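J.: Numbering (our numbering), first residue to last: 1 to 225.
Ideal Cβ positions, reconstructed from N, Cα and C, are used throughout, including at glycine.
All figures in this text were calculated on a predicted structure; none of them were measured in a lab.
For reference, the structure I am asking about is given below.
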């Protein structure tokens, strides 16, 4: 499994969204990939053949309408691939209560995060960015894909700072991630101790100012009586 983190990714987990493009697959738009009639012969591994089907209308038997109303994106997929990577998808497509729908609406997930999930299921590849990692963690939890969820938590732990610790603490509670919660508390506690130390130093410096002034005045008098 390949995990990549673009060098250009912003450091804040809530940075402004941008587009992700990797391995010639545009993760922000669904389109038919043009393949020659003998494309299978050019793909030597199962991973390569699955990757060719990622975000591809070719042989797609399900389409997801992802995103909030007015900001939706239609994403094609293949039930078999999804079902082998997620018990939720398996129940959705092959379980006892499976419905034979051609389209599934997913209004509570961001399209970019959903495509990151599919990228992992099709290509065994994880690409995370600061602006979408929380949304990706949500979709990984929603569809019970623990390896992707763990990668998201690891990313958040490595990007944890004093500035985003409170935000990530609330998110770690929401996602029930005790390890991340503990790391957030450690950073917050360290920041509190640092603030207290700075305050004591400032107060000590302020208290010393009159004494320094008195000593300086006395020294001047000794030099110039």
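Give me the Cα-Cα distance between residue 67 and residue 193, rounded to the nearest whole angstrom.
T.: 42 Å
J.: Does the beta-carbon distance from residue 84 to residue 116 come in below 8 Å?
T.: No.
J.: Between residue 227 and residue 143, is the Cβ-Cβ spacing less than 8 Å?
T.: Given a span of 1 to 225 for the chain in the structure shown, any question on residue 227 remains unanswerable.
J.: Looking only at its own chain, which residues have a Cβ that is under 7 Å from the Cβ of residue 141, when we skip the five neighbours before and after it?
T.: 149, 175
J.: For the 8 Å Cβ check, are there 3 or more pairs between the stretch 36 to 44 and the stretch 97 to 111?
T.: no
J.: Only counting the same chain, and skipping five residues up and downstream in sequence, which positions put a Cβ closer than 7 Å to that of residue 181?
T.: 169, 172, 173
J.: Assuming the contact rule is C-beta atoms closer than 8 Å, residue 184 and residue 165 should be a hit. Round their C-beta distance to whole Å, please.
T.: 5 Å
J.: For residue 120 and residue 153, which I take to be in contact (beta-carbon distance under 8 Å), what is that distance rounded to the nearest angstrom?
T.: Not really, about 15 Å apart at Cβ, beyond 8 Å.
J.: Reducing DSSP to helix, strand and coil, say where residue 76 ends up.
T.: strand
J.: What residues in its chain sit with their C-beta under 8 Å from that of residue 87, if we drop five residues either side in the sequence?
T.: 144
J.: By DSSP, does residue 64 sit in helix, in strand, or in coil?
T.: strand
J.: Could you pull the DSSP bridge partners for residue 102 from this structure?
T.: Residue 102 is not bridged to any residue.
J.: What residue range is occupied by the uninterrupted alpha helix (DSSP H) comprising residue 89?
T.: 87 to 94
J.: Does residue 226 come out as helix, strand or coil in the three-state DSSP assignment?
T.: Lying before the first or after the last residue shown, residue 226 is absent from the chain, which here runs from 1 to 225.
J.: If you run the structure through DSSP and keep just helix, strand and coil, what is residue 71?
T.: Reduced to three states, the DSSP call for residue 71 is coil.
J.: On the three-state DSSP scale, how would you describe residue 211?
T.: Reliability of the predicted coordinates at residue 211 is poor, the pLDDT of 49 falling under 50, and the value obtained from them is presented with this limitation in mind. Three-state result, residue 211: helix.
J.: In or out: residue 127 buried (at least 16 other Cβ within 10 Å) or exposed?
T.: buried
J.: For residue 161 and chain C, any beta-carbon pair shorter than 8 Å?
T.: The structure shown contains no chain C; it is built from a single protein chain.
J.: Whole angstroms is fine: what's the gap from residue 158's alpha carbon to residue 54's?
T.: 29 Å
J.: Since residue 133 and residue 155 are thought to touch, with beta carbons under 8 Å apart, how far apart are those beta carbons, to the nearest angstrom?
T.: 5 Å
J.: Helix or strand or just coil, what does DSSP make of residue 43?
T.: coil
J.: Keeping to the same chain, check which residues put their C-beta closer than 6 Å to that of residue 111; ignore five residues upstream and five downstream.
T.: 66, 67, 73
J.: At the level of alpha carbons, what is the spacing between residue 125 and residue 43?
T.: 17 Å
J.: Please name the residue, chosen from 190, 108, 81, that lies closest to residue 49 on a Cα-to-Cα basis.
T.: The shortest Cα separation from residue 49 among 190, 108, 81 belongs to 81.
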